[in-house]
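Residue numbers (my numbering): 47 to 190.
We treat Cβ as the ideally placed atom computed from N, Cα and C, and that holds for glycine.
Written as structure tokens, this is what we have:
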């Protein structure tokens, strides 16, 4: 099943392969995660795509990962995409984040970028030291 989501207000939109983009960002950020005794799992399906400006998507996902890694300690950071209630949700979860309650302030800088491509930013505090950062997009078009 292909997941193709067209985002409103995309500047110079193109088809962004989310798994490949996440793999490249993870490769670049892996040394920082290792220094925090954390590791990263890319659970994004190989057929998940966004129709958006690739630089903006890379900036958003890179910021999510970088801010999560900088607060992680002995954690498992998981990147995934899911579909719920007519939305596509890109999430970064860390099961052992030292500053999970303060990370929302660190993420405030990317909220305007998320809004620029039609998304919304949210946080879930699941249990002690566990956080999930969510970027949701309304599904405008899905290719089968």
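CA-to-CA, the gap between residue 169 and residue 181 works out to about 9 Å.
In its chain, beyond the 5 residues on either side, 167 have a beta carbon closer than 8 Å to the beta carbon of residue 157.
Listed in chain order, the alpha helix (DSSP H) runs fully inside the region 68 to 146 are 100 to 117, counting runs of at least 4 residues. In summary, residue 143 is buried, with 16 or more beta-carbon neighbours lying within 10 Å of its beta-carbon over all protein chains present. Cβ atoms of residue 134 and residue 183 come within 8 Å of each other, at about 5 Å.
Distance from the CA atom of residue 116 to the CA atom of residue 93, rounded to whole angstroms, is 29 Å. A residue is called buried once 16 or more other Cβ atoms fall within 10 Å of its Cβ, and residue 140 is buried on that count. Secondary structure at residue 163: coil, using DSSP grouped into helix, strand and coil. The C-alpha of residue 124 is placed about 23 Å away from the C-alpha of residue 164. The criterion of a C-beta distance shorter than 7 Å is satisfied by residue 98 and residue 62. Counting along the chain, residue 174 sits inside no beta strand (DSSP E), nor does DSSP assign it H or E at all. Between residue 84 and residue 109, the gap from beta carbon to beta carbon reaches 7 Å or more.
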